[in-house]
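Enquirer: Residue numbers (our numbering), protein chains in the order written: chain E, 1 to 370; chain F, 1001 to 1309; chain B, 2001 to 2428. Note that CB positions come from ideal geometry on N, CA and C, so glycine has one too. Sharing a structure below in structure tokens format, with a few things to ask.
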Amino acid sequence: MTKGVDVDLEDVWIRFGDFVAVREANVNIKGGEFFSFLGPSGCGKTTILRSVSGFLEPSQGKVKIGGKDMAGIGPNKRPTALIFQNLALFPLMKVWENITFSLEVKGIGKAERRKRADELLDMIALPDQGEKLPSELSGGQKQRVAIARALCAEPDVLLLDEPLSALDLKLRQHMRTELREIQQRVGITFIYITHDQGEALTMSDNVAVMRAGIIDQVATGHRIYNDPATPFVASFVGENNVFRGTVKSVDGDMALVSTNRTGELLSRIATSAKGKLKVGDSAMMFIRPEACNIAEDTSPAVNRFSAVVKHEEFEGQIYNVFLEGSEGKEIKMSLVNIGKQRAPAVGNELMLEYEPQQAVVLPAGELASE
Amino acid sequence: MNIARFFRNYFTRNGIGLGTFLLVAVLFWVVVLIILPQLSMLDFSFRHHLPPPEMGGPKDTYTLEHYKYLVLGAPGADTSYNVVDLGVFGRTLLAAFFVTILDLVLCYPLAYYLGQSKGGGFIRVLVLLLIIPYWVNEILRAFAFRIIFGDSGLINEMLLAMGLVDSPIDFIRANVALYAGLGYAYILLMIFPIYNVIESLDRNQIEAARDMGAPWWRIHWRVVIPYAKPGISSGCTMVFMLTAGALAAPQILGGPSSLWFTQIIYQWFNQGGNWPRGAAFAIVLLVTCIIIVLSTMRLFKVRIGDIGK
Amino acid sequence: MKAENVFLKIILGAYLAVFFGYLLGPLIVMSITAFNSPSFPKMTPWECLTFEWFDVLANDTRILNGIENSLIVGVGTVFLSVIMGLAAALLLTQIWPKLRATYYTVVIAPILIPGVVLGISTLVFWDRISVMLGMETGGILHNGIFLTILGQSTFIASYCMLVFVARLQRFDTDLTEAALDLGATHVQAFWKILLPFMKPAIGSAAVLAFLASFENYNTTTFTFGKFPTLTIELAQKVRYGINPSISSLAFIIIVLTIIGALAYEVYRRRQQLALANGAPVGAISSGFQLPRIFRRNPAAVILVLLALGGFSTIWFAQTYSPDVCKMDVREQKRLIQEERIKAIQEKRQLEMQQKQQQGTGVLGGSKSDAPAAQSPGQGAFGNVFKPGNLDKTTTEPKADKPAQSPGKGAFGDVFAPNNLDKTPPKED
């Protein structure tokens, strides 16, 4: 198989009339990388994918594949293969004909195509299913056929447009692992589009988080989750308790935030905001539900606040506890279920504490809407 | 987006060969088969009736004579208007209107019944039975009515045998056969548009209306008919146009005293040999029908795009 | 509530009876007249069962010639309208949005333009072209077949387009993009993806176009020139001289129609069965009482019964001779006639001074010389069905299809779902 090649977006703008779908996208995707675009629907991630695959030309800027500018090169001439959201298997062709369609259009003979199809069917663990029609396959099988069909074209870059969204939860989780395995086996560049953060974080080497046409952050899954670059990323990826307020003091990496309703709280400054956050700036502080804990020491401190238990949800491995802080501030806390009954009773007033290193503060900005 | 860009996109999308072929096929149809013949007929209707050698000669000028003829009659006639032709014209439109109403009344209940029942074998059989007559030649269908309504036809023989009448009733002269045949000829074009629309009406809406205590006629008046309006107007438009433009049924079933307007056109072409006059009459028929249909559609707020769905 | 329901059901039943009586009654009456011996098609009084009208039809060269012309015109019209309709439908999806409504109005208009207008305008337009080109009268542009095909295609293409538009709406444009993405050219994507998808629609559009062409009168009556189609011939026969051979033709068409409709229904049912078997329910009913095709498929049963009925009728027709019956009828009529004449004579004798009255006598007289033509030839009957066989081509696109897939669907599909279900766990 070919070694994956770099994909570069250089100052890409895509406009539809007055509407700006993608704004100033600058991304370098390394060869052989599993790269995801993560964002809510309508954020422009599919548009980016279509500009890479060649179904639309950027209004401005360059799309480079393997260092080569792709301007004016149609989708059938680019070294990319796209897996569609609805898979787009050809319903009237048999499975093996679907898989080897890219060879058929090159005029390669039937015997050779059949042989190649069988190899690929073995690879996706669907031997002897070649004579079937796509409609006779199950959801996961169709998924694998779509992958085989794309790989048969021997692309340098494989593009995947939310291909797992139609599957049920179990199968989706299974396919994540499988996709990752395939990617490591064939070693080509994967560009994956999803609105599901779980998918993005589990599979990707790097993730780009998009909001309304803008790429907010490009980083590894860890960085995205633990060190978000914007309030949008902090609130879109995973869950977060948001505390609005102003910066009271800055001390190295740490800042003391005077929150609107919960008093003064200490937090780490996000990497992207280091050196930019000044005293008096309006800021947003984020504490993840799993970073909260019930404090044994109930004396006031800059990493403690009190709240009243409103109700709880039991999810199996964790309890979600919903609390109300002062002035009706809603707070969520997640406790790991370690066997003993430790869920606090409804109506109790608790003192919560957190590790200031696990909280993060950013200049105030737009949040992901629920 | 400008035209040039549109064409560039068009040809990249379809390829040069295929794109050109599609364009040529559609242009041939639209221009050579639809638009130019209509224009040429319009042009022709303003010309004098000349023998072929004089066509294009000095006498070949534009004239309103044929339209004048339709309104005023032959010069020197004893009436100031062309009572005969105008009368036929008016009667044709009126009759077409009544046939349309008849078909609508007849078809709406069935379309509703078929559309709202949950499919099943019986319904499929009914639909098949609906389609079968339509596959039989129009002439033969009209002919069947002649067998039934003729002087010694089925109905008269039965009436005579039962002693209800002494001598055969002349259904042909009374135009009963004609209206029955015309109503029959295009009944399918009424039923299917309405059926298609009603089929897509959510049954729950009717249930809901019924729950709220609406009587059946109010359910139809307030829920079903407004929803089915595109289908109804589509069906009515087609039946009206086709009935007004029918030729076979009037020729076969029309009484000796009653002409259909299309028959007059036919006579100018085939017996009178006066093509320009026939063309003028055809233009009048076409324009009138279009005006009637468009104004009805405007009245009921239905778009042309709904036709044929 | 209950009583109201019963009442409603009665009303509904009566309405359905009236409606379908209106719809089917004329066809049934006409079919019956094909087997009655009087030379004017009539159902009452029933005289003799006869098949002679099929013979008359089979020997009617004008009808046969008309059928031939209709077939030629039909094939040309199908060809032209399907291509134009398909092109127009494809263009509709791509055309500049601002132009779309206008474009749609123009291509749908021929359905609404009266047929006579289309016929006239075609005739006038090509006559003009011919004059402009300085061609002689009677050239290709005055050729009846040429004009009829063009005139009919003008509006039949609109019907075809509607069929294609309906099908195209269900086409997933992702499929074309997928093909392009896999390296296909636009033309390859068209031929390998879109066209196969449109195939069923092309089939039904072709059938629709052929039927519409075959029965068209209004347009053809202006354009046929020296090539009268079957419909034109029928119209002339109906207007100028009728005998029941027309009924026999109608009967043949009706029977073929029913066979075509039933064959289509059988095909549809089979497909549904195949589809149902593809579902993971895997319903294999215990024991096969009937061959697979017939289960839950009354249409197939009717079709077979119909075929049996048809064969037995043909056999019966070849052995049966209505001569005896006809003789009886003639004898009876003669007797009635004599009695009437006698009665009239008596009347006359009684009312010598009054004016002569003949009235009904004349009517009866004309009837008596009716069954003149008679030759229940045996081989000839077979001929009648020859034109019918040609007609069958209309239903062929539909009737052909059942042969394609069901064999495979029968068993492999039943077990397949289980296979499918089992595979995913294996890999886990």
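Determine the extent of the beta strand (DSSP E) in which K64(E) is found, giving its start and end residues.
Expert: Taking the first sequence and counting its residues from 1, one reaches residue 64(E) at position 64. Here the beta strand (DSSP E) through K64(E) covers Q60 to I65.
Enquirer: Could you give the C-beta distance for A88(E) and A2178(B), rounded to a whole number, given that I count them as a contact under 8 Å?
Expert: As a first step, residue 88(E) must be located in the first sequence, where it is residue number 88. As a first step, residue 2178(B) must be located in the third sequence, where it is residue number 178. Their Cβ separation, rounded to whole angstroms, is 4 Å, which keeps A88(E) and A2178(B) in contact under 8 Å.
Enquirer: Decide yes or no for the touch test of the stretch 55-69 of chain E against the stretch 239-257 of chain E: beta carbon pairs closer than 8 Å, at least 3 of them.
Expert: Output reads no: the stretch 239-257 of chain E does not touch the stretch 55-69 of chain E.
Enquirer: V308(E) and A345(E) - do their beta-carbons sit closer together than 8 Å?
Expert: Taking the first sequence and counting its residues from 1, the one referred to as residue 345(E) is at position 345. Taking the first sequence and counting its residues from 1, the one referred to as residue 308(E) is at position 308. Not closer than 8 Å, so no.
Enquirer: Here's the rule I'm using: 16 or more other beta-carbon atoms within 10 Å means buried, otherwise exposed. How should D216(E) be labelled?
Expert: As a first step, residue 216(E) is located in the first sequence; it is residue number 216 there, counting from the start. It is buried - the Cβ of D216(E) has at least 16 other Cβ atoms within 10 Å.
Enquirer: Going by C-alpha distance, which of K2237(B), V2073(B), R2348(B) and I2111(B) is nearest N2143(B)?
Expert: Counting from one through the third sequence, the residue named residue 2143(B) turns up at place 143. Cα-wise, what sits closest to N2143(B) is V2073(B).
Enquirer: Between V250(E) and chain D, is the shortest Cβ-Cβ distance under 8 Å, so that the two count as touching?
Expert: Included in the structure are the protein chains E, F and B, with no chain D among them.
Enquirer: Determine, for V1026(F), whether the minimum Cβ-Cβ distance to residues of chain B falls below 8 Å.
Expert: Taking the second sequence and counting its residues from 1, the one referred to as residue 1026(F) is at position 26. Yes, V1026(F) counts as interfacial toward chain B.
Enquirer: By DSSP, does V2414(B) sit in helix, in strand, or in coil?
Expert: As a first step, residue 2414(B) is located in the third sequence; it is residue number 414 there, counting from the start. Unreliable positioning characterises V2414(B) in this predicted model, as indicated by a pLDDT of 36, which lies under 50. A coordinate reading is not provided.
Enquirer: Taking Q173(E) as the reference, give the member of Q197(E), D156(E), A150(E) and M284(E) with the closest Cα.
Expert: Working through the first sequence from its first residue, we reach residue 173(E) at position 173. Measuring from the Cα of Q173(E), the nearest candidate turns out to be Q197(E).
Enquirer: Ordered along the chain, which non-local residues of its own chain (more than five positions away) have a Cβ less than 6 Å from that of P228(E)?
Expert: As a working note, residue 228(E) is residue 228 in the first sequence. A234, listed in sequence order.
Enquirer: Which value, in whole angstroms, describes the spacing of the CA atoms of D18(E) and M210(E)?
Expert: Counting from one through the first sequence, the residue named residue 18(E) turns up at place 18. Counting from one through the first sequence, the residue named residue 210(E) turns up at place 210. Each residue's Cα considered, the two are about 20 Å apart.
Enquirer: Do A81(E) and A166(E) count as a contact pair if the criterion is CB distance below 8 Å?
Expert: Taking the first sequence and counting its residues from 1, the one referred to as residue 166(E) is at position 166. Taking the first sequence and counting its residues from 1, the one referred to as residue 81(E) is at position 81. Their beta carbons are not under 8 Å apart, which means A166(E) does not touch A81(E) by this criterion.
Enquirer: Looking only at C-alpha atoms, which of W96(E), I338(E), S249(E) and I108(E) sits nearest to I124(E)?
Expert: The residue you call residue 124(E) lines up with position 124 of the first sequence. Ranking W96(E), I338(E), S249(E) and I108(E) by Cα distance to I124(E) puts W96(E) first.
Enquirer: Taking only beta carbons into account, state which residues of the stretch 53-76 of chain E come closer than 9 Å to chain B, listed in chain order.
Expert: Going along the stretch 53-76 of chain E in chain order, one finds S53, G54, F55, G74, P75 and N76 with a Cβ nearer than 9 Å to chain B.
Enquirer: Buried or exposed, going by whether 16 or more other CB atoms sit within 10 Å of the CB of W1268(F)?
Expert: Here residue 1268(F) corresponds to residue number 268 of the second sequence, with the count starting at 1. That one is buried.
Enquirer: Got a sec: is the Cβ-Cβ distance from V105(E) to anything in chain B below 8 Å?
Expert: Here residue 105(E) corresponds to residue number 105 of the first sequence, with the count starting at 1. With 8 Å as the cut-off, V105(E) counts as an interface residue toward chain B.
Enquirer: Who are the Cβ neighbours of I1194(F) in its own chain at under 7 Å, not counting the five residues just before and after it?
Expert: For this step, residue 1194(F) is matched to residue 194 along the second sequence. Taken in chain order, the residues that qualify are C1107, Y1108, A1111, A1228, G1231, I1232 and G1235.
Enquirer: Pull up the distance between the alpha-carbon of I318(E) and that of F90(E), whole angstroms please.
Expert: One-based indexing of the first sequence puts residue 318(E) at position 318. One-based indexing of the first sequence puts residue 90(E) at position 90. Those two C-alpha atoms are separated by around 44 Å.
Enquirer: For a test of the three-state rule: what should DSSP assign to R2167(B), helix, strand or coil?
Expert: Here residue 2167(B) corresponds to residue number 167 of the third sequence, with the count starting at 1. R2167(B): helix per DSSP, three-state reduction.
Enquirer: How is the beta strand (DSSP E) around E349(E) delimited, first residue to last?
Expert: Residue 349(E) sits at position 349 when you count from the first residue of the first sequence. Counting along the chain, the beta strand (DSSP E) containing E349(E) begins and ends at E349 to E353.
Enquirer: Give every residue of the same chain whose Cβ lies closer than 7 Å to the Cβ of M443(E), excluding the five residues on either side of it in the sequence, and list them in chain order.
Expert: Examination of residue 443(E) is not possible in this model, given that chain E is present from 1 through 370 alone.
Enquirer: Mark K2192(B) as exposed unless 16 or more other C-beta atoms lie within 10 angstroms of its C-beta, in which case mark it buried.
Expert: Locating residue 2192(B) in the third sequence gives position 192, counting from the first residue. By the 10 Å Cβ count, K2192(B) comes out buried.
Enquirer: Check D216(E) in the structure and name its three-state DSSP category.
Expert: Taking the first residue of the first sequence as 1, we reach residue 216(E) at position 216. Strand at D216(E).
Enquirer: Return the first residue and the last residue of the alpha helix (DSSP H) that V1287(F) is part of.
Expert: Taking the second sequence and counting its residues from 1, the one referred to as residue 1287(F) is at position 287. It spans W1275 to L1299 - the alpha helix (DSSP H) in which V1287(F) sits, taken as one unbroken run.
Enquirer: Let me confirm a value: D1211(F) is counted as buried when at least 16 other C-beta atoms fall within 10 Å, else exposed. Which label applies?
Expert: On the second sequence, residue 1211(F) is found 211 positions in, with the first residue counted as 1. Exposed.
Enquirer: Count the other CB atoms within 10 Å of the CB of E2351(B); is the residue buried (16 or more) or exposed (fewer)?
Expert: Sequence index remark: in the third sequence, residue 2351(B) carries index 351 (1-based). It is exposed - the Cβ of E2351(B) has fewer than 16 other Cβ atoms within 10 Å.
Enquirer: Please state the DSSP three-state secondary structure of R1008(F).
Expert: Mapped onto the second sequence, residue 1008(F) falls at position 8. The answer is helix: DSSP assigns R1008(F) an H, G or I state.
Enquirer: At what residues does the beta strand (DSSP E) containing H311(E) begin and finish?
Expert: Counting from 1 along the first sequence, the entry for residue 311(E) is found at position 311. Element bounds for H311(E): R304 to F314.
Enquirer: L1247(F): buried (16+ other C-beta within 10 angstroms of its C-beta) or exposed?
Expert: Within the second sequence, the letter at position 247 stands for residue 1247(F). That one is buried.
Enquirer: If you drop the 5 nearest sequence neighbours on each side, which residues of the same chain put their C-beta closer than 7 Å to that of I2254(B)?
Expert: Reading the third sequence from its first residue, position 254 is the one you call residue 2254(B). Answer for I2254(B): L2027 and S2031, listed in chain order.
Enquirer: In this structure, how does DSSP classify K68(E) when only helix, strand and coil are distinguished?
Expert: As a working note, residue 68(E) is residue 68 in the first sequence. Strand.
Enquirer: Could you give the residue range of the beta strand (DSSP E) that holds W13(E)?
Expert: Stepping through the first sequence from its first residue, residue 13(E) is reached at position 13. Residues V7 to F16.
Enquirer: Determine, using beta carbons only, whether S326(E) comes closer than 8 Å to chain B.
Expert: As a first step, residue 326(E) must be located in the first sequence, where it is residue number 326. For S326(E), the answer is no, since every Cβ of chain B falls outside 8 Å of its Cβ.
Enquirer: Nearest-angstrom Cα distance between V2029(B) and E2346(B)?
Expert: Indexing the third sequence from 1 puts residue 2029(B) at position 29. Indexing the third sequence from 1 puts residue 2346(B) at position 346. The alpha-carbon atoms of V2029(B) and E2346(B) are separated by roughly 39 Å.
Enquirer: Taking Cβ positions only, does G2094(B) come closer than 8 Å to chain F?
Expert: Taking the first residue of the third sequence as 1, we reach residue 2094(B) at position 94. The sequence given here places Gln at residue 2094(B); Gly does not occur at that position. Closer than 8 Å: yes.
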